[in-house]
Amino acid sequence: MKAIKPLTYSLIIISLFVSSVIAQEIDDEPDPFDIPMTDSPIQSDEIPMSLEEDFREDTLGDERANQKERKDKIYIKGKATVVDGDTITIGNTKIRFSGIDAPESYYYGMTQYCERPNGKIWACGKKATAALKKLIGKHEVECTDEGEDKYGRTLSICYANGVDLQSEMVRTGMAVAYIRYSTRYEEEMIEAMINRAGIWSGDFLDPEDWRRQNRKRD
Numbered sequence: 024m025k026a027i028k029p030l031t032y033s034l035i036i037i038s039l040f041v042s043s044v045i046a047q048e049i050d051d052e053p054d055p056f057d058i059p060m061t062d063s064p065i066q067s068d069e070i071p072m073s074l075e076e077d078f079r080e081d082t083l084g085d086e087r088a089n090q091k092e093r094k095d096k097i098y099i100k101g102k103a104t105v106v107d108g109d110t111i112t113i114g115n116t117k118i119r120f121s122g123i124d125a126p127e128s129y130y131y132g133m134t135q136y137c138e139r140p141n142g143k144i145w146a147c148g149k150k151a152t153a154a155l156k157k158l159i160g161k162h163e164v165e166c167t168d169e170g171e172d173k174y175g176r177t178l179s180i181c182y183a184n185g186v187d188l189q190s191e192m193v194r195t196g197m198a199v200a201y202i203r204y205s206t207r208y209e210e211e212m213i214e215a216m217i218n219r220a221g222i223w224s225g226d227f228l229d230p231e232d233w234r235r236q237n238r239k240r241d
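Here the sequence shown is numbered in my numbering, starting from 24 and rising by one per residue.
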């Protein structure tokens, strides 16, 4: 075995001592990423009121942003009777679909008509009513409560068999999105326009304008 010279041995001892000191100094330095839980304003018991309010507002903002993706809270559920393309009754509750407007099937005794591309006239009001009846079929209808209109009807978003009835009526061209009150079904209406579905296949008068022209004057 080769002998270690005293000088060499001394150098080894010094080297080990210096390394130990450096290592100790490194261990004593605080880790910038090692933050105690109590230093976090979210974990601390002493949260400033402004931070609590900001946190609450951010949370509410996230909930509002996700509101459209959730299924709306159901207010009433049951067997529905179709009145026209945007109105039904469940029990004694008369429900007006929110966010859409369908051609009239019976307005002061009158039916709304539309024109096909070949110039032929068709009863789009009655067709819209028939389309909604077919869409609902024998399924129960679930509706939300969005308030009341001036006629005392409950404004609702309604579903049957998991299908958004308003969305389907607009998408198939059996109603228009009531953009003056809501843009909820604007995309479906654009799709219907592009596909020239239903009333978009030819000429028609917007249901609101048609009612205005045919409203009975006292």
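Every residue, glycine too, gets a C-beta built ideally from N, C-alpha and C.
Since this is a predicted model, take the numbers as computed values, not measurements.
| query | result |
| --- | --- |
| Selection from ALA103, GLY221, GLN236 that minimises the alpha carbon distance to GLU138 | GLY221 |
| Simplified DSSP assignment, three categories, for GLU210 | helix |
| Reference LEU188; option with closest CA among LYS96, TYR98, ILE111 | ILE111 |
| Nonlocal neighbours in the same chain, by C-beta distance under 7 Å from TYR208, ignoring five residues either side | GLY122, ILE123, GLN189, SER190, VAL193, ALA200 |
| Cross-strand partners of ASP107 (DSSP beta bridge) | THR110 |
| Continuous beta strand (DSSP E) stretch holding LEU178: start and end | 177-179 |
| 3-residue-minimum beta strand (DSSP E) runs that sit fully inside the segment 149-201, ordered along the chain | 164-166, 177-179, 181-183 |
| Residues bridged to PHE120 [DSSP beta-bridge criterion] | SER179 |
| Segment contact flag, the segment 149-156 with the segment 203-218, C-beta cutoff 8 Å, min 3 pairs | no |
| Straight-line Cα distance separating VAL164 from LYS15 | Outside the shown range of the chain (24 to 241) lies residue 15, about which nothing can therefore be said. |
| Helix, strand or coil at ILE97 according to DSSP, with G and I counted as helix | coil |
| Identified DSSP bridge partners for ASP226 | GLU138 |
| Rounded separation between MET133 and GLY185 - CA only | 33 Å |
| DSSP bridge partner residues for MET133 (one or two, in chain order) | TYR130 |
| Best match in ARG235, ARG238, PRO230, ASP226 for proximity to ASN141 [C-alpha to C-alpha] | ASP226 |
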